[in-house]
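*Asks:* Have a look at this one.
In my numbering, the protein residues as written are 1116 to 1739.
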């Protein structure tokens, strides 16, 4: 599994979160790494109360926060490509921090850094960033957290043991993708000031070194330390058997496999830099207990009975009653996960721009939103749905390209005009038919078993029927859908060869979610020609050139505008009248996050890799 520029693909099923995301989701980049278990090291004792900025709700200190979640990590070494679960990332966010964190607005903020730092473009085209660490940072065991830890972490991640058979570096530390790390030509520090030089500008630079490890607990030699981390992170144990020290608000305590994991408060915590944080000191609660509850009804019952206080999981219709309860607050925020219908450009019907426009016009996202997402998430998502795949609705740079083109509003007249312009006429069954290519019948598929997703398909199926387009639902139960259908070897061979190889008839329309982050450049990998992450078959040289330009643009505003421009290749026919419009974005899909009335306040839970419900765990406070 790879991340950042190469997509982490999620093959999972039913209502369970079986990948770095949730069921039917693939990731355009991870903003996290992973921890491990130990024998439990108690935090330093202190009676110092947590300081607040005055915005915290009235409540009491102490108590154990209980989170009910359906999935348990296999281990806590998230960087190991075989372990890419969201739950692993979410747990680690409470214990290990990095140079930058992710806010509820899906934007980076300086976490261990004092500010955003400065970038300088050098005469040879390389770019140097200068970053200053915050003063007074401590590890949970009392050691200073300094720039030395940052440089050592980078050197450990990049340590090698010779070369592979292909002549590539044989990295020791398990990490699926080193994009942004592998173009660093120099990293050093002078006191608490860090200097990082990239061979050329990397737009996702804030996502590298998103976790920093405690150098003092591992071998000073990076190669030896890399091997130690691979072993130790799995159970969160340092080489001497002690718990790996925390820089975050919680410390790993214990793990009863199959039952629960326990974290305890880090009383040496230096405080949060998050713009979402209300509490500027150590956590109010004594610790966090994560109960692994596989059954949805059991999760709901635990919350209703006061046996758990928070949940953050895959949205399901079963949560509607909980969402409407006066004793439960839904606090989900729109994150980087977005649902879409993706179109196979090598299908005989979908190869016609008029057919793709017909689908886009006929789709009524407002009906999908009102029926499925608003009951769960209220007005946290736009009622008109999503119209962009690079920037999302809660980001300041978002533009509704699909909506501006008139798509997604159930415009049947425009849909039928587009189909008739492509040479289709209505047959006796009320389905448009092409004189050479036959009736306009298309299959849509996803992972079966998730009733919310299935109803979403059924709603859009009915909308398409009103326009004269026949949609056949063709799901595959469990995680086999991805490997057997849009990302199967034959389907990818078709996509990468422009239809010359493989099997182009395996699928027509696919429904799943991509998972991104604050930097949209990772999403580009799913649209680049000839790549294994592009099942759609889209290929456009001008898009490739412009995408490279976006990634290399240093100015934030100019880069944001650039990404918006390349999205129009994807969601409209404006820039590519022949092959454009192969993505029909539906909506952002937050995790279902909320808390019970046992709490006087809860923390903002950014729905992203490297963030999650425990990012602002210091804010959680019991009512009594």
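Cβ coordinates follow ideal geometry from the N, Cα and C atoms, glycine included.
State the CB to CB distance for the pair residue 1492 and residue 1529, rounded to an integer number of angstroms; the pair is presumed to be in contact (CB under 8 Å).
*Replies:* 29 Å between Cβ atoms; not a contact.
*Asks:* By the three-class DSSP mapping on this structure, what secondary structure does residue 1154 have?
*Replies:* Summary for residue 1154: the model assigns pLDDT 28, below 50, so the residue's position carries little reliability, and this model does not support an answer.
*Asks:* Give every residue of the same chain whose Cβ lies closer than 7 Å to the Cβ of residue 1295, excluding the five residues on either side of it in the sequence, and list them in chain order.
*Replies:* The answer, listed in chain order, is 1119, 1317, 1319, 1320, 1322 and 1323.
*Asks:* Below 8 Å, how does it come out for the segment 1724-1735 and the segment 1199-1209: are there three or more Cβ pairs, yes or no?
*Replies:* Counting Cβ pairs under 8 Å, three or more are found: they touch.
*Asks:* Touch check for the segment 1211-1227 and the segment 1425-1437: three-plus C-beta pairs under 8 Å?
*Replies:* The answer is no - the segment 1425-1437 does not touch the segment 1211-1227, with fewer than three Cβ pairs under 8 Å.
*Asks:* Can residue 1276 and residue 1330 be called in contact, C-beta distance under 8 Å?
*Replies:* No. Outside cutoff.
*Asks:* Mind checking whether residue 1182 and residue 1417 have CB atoms under 8 Å apart?
*Replies:* Result no, Cβ atoms of residue 1182 and residue 1417 do not sit closer than 8 Å.
*Asks:* In the DSSP assignment, what are the bridge partners of residue 1737?
*Replies:* DSSP, once it has assigned bridges, lists 1175 and 1714 as partnering residue 1737.
*Asks:* Since residue 1740 sits in a beta bridge, which residues does DSSP pair it with?
*Replies:* For the chain, the structure presents residues 1116 to 1739; residue 1740 sits outside this window and is missing.
*Asks:* If we call anything under 8 Å between Cβ atoms a contact, is residue 1650 one with residue 1610?
*Replies:* It is a contact, given that the beta carbons lie within the stated cut-off.
*Asks:* Tell me whether residue 1235 is buried or exposed, calling it buried when 16 or more other Cβ atoms sit within 10 Å of its Cβ.
*Replies:* Exposed, because fewer than 16 other Cβ atoms sit within 10 Å of the Cβ of residue 1235.
*Asks:* Looking at C-alpha atoms only, which residue of 1414, 1432 and 1420 is the closest neighbour of residue 1426?
*Replies:* Residue 1426 has its Cα closest to that of 1414, out of 1414, 1432 and 1420.
*Asks:* Is it a yes or a no for the segment 1245-1253 touching the segment 1469-1484, going by three-plus beta-carbon pairs under 8 Å?
*Replies:* Contact fails: fewer than three Cβ-Cβ distances are below 8 Å.
*Asks:* Which of the three DSSP states is assigned to residue 1349 in this structure?
*Replies:* Looking at residue 1349 - three-state DSSP - the assignment turns out to be helix.
*Asks:* Within a Cβ cutoff of 6 Å, which residues of the same chain sit near residue 1617, ignoring the five residues on either side of it in sequence?
*Replies:* Hits under 6 Å: 1605, 1608 and 1609.
*Asks:* Considering only DSSP beta bridges, list what residue 1379 is partnered with.
*Replies:* DSSP output for residue 1379 lists 1366 and 1402 as bridge partner(s).
*Asks:* Is DSSP giving residue 1244 helix, strand or coil here?
*Replies:* Strand at residue 1244.
*Asks:* Span of the alpha helix (DSSP H) holding residue 1235?
*Replies:* Element bounds for residue 1235: not the alpha helix (DSSP H) but the beta strand (DSSP E), 1233-1236.
*Asks:* Distance check for residue 1187 and residue 1283, CA to CA, integer angstroms please.
*Replies:* One C-alpha to the other measures close to 34 Å.
*Asks:* Pair every Cβ in the segment 1454-1468 with every Cβ in the segment 1508-1527, then say whether three or more of these pairs are closer than 8 Å.
*Replies:* The segment 1454-1468 is not in contact with the segment 1508-1527.
*Asks:* On the three-state DSSP scale, how would you describe residue 1592?
*Replies:* Strand.
*Asks:* Name the one or two DSSP bridge partners that residue 1547 has.
*Replies:* Paired residue(s): 1541.
*Asks:* Look up residue 1293 in the DSSP assignment and say whether it is helix, strand or coil.
*Replies:* Residue state, collapsed to three classes: coil.
*Asks:* Which residues bound the alpha helix (DSSP H) around residue 1572?
*Replies:* Its alpha helix (DSSP H) spans residues 1566-1581.
*Asks:* Is residue 1316 helix, strand or coil when you go by DSSP?
*Replies:* Note: residue 1316 maps to coil in three-state DSSP.
*Asks:* Based on Cα-Cα distance, which residue from 1380, 1708 and 1724 lies nearest to residue 1325?
*Replies:* Out of 1380, 1708 and 1724, 1724 has the C-alpha closest to the C-alpha of residue 1325.
*Asks:* Is it a yes or a no for the segment 1588-1597 touching the segment 1555-1575, going by three-plus beta-carbon pairs under 8 Å?
*Replies:* At 8 Å Cβ cutoff, the stretches touch.
*Asks:* To which residues of the same chain is residue 1302 closer than 6 Å at the C-beta, ignoring the five residues directly before and after it?
*Replies:* So the qualifying residues of the chain are 1266, 1269 and 1311.
*Asks:* Using CA coordinates, which residue listed in 1509, 1718, 1185 and 1697 is at the minimum distance from residue 1431?
*Replies:* With distances taken between Cα atoms, residue 1431 lies closest to 1185.
*Asks:* How many angstroms separate the CA atom of residue 1327 from the CA atom of residue 1360?
*Replies:* Whole-angstrom Cα-Cα distance: 11 Å.
*Asks:* In the DSSP assignment, find the beta strand (DSSP E) that holds residue 1558 and state where it starts and stops.
*Replies:* Run containing residue 1558: 1556-1560, per the beta strand (DSSP E) assignment.
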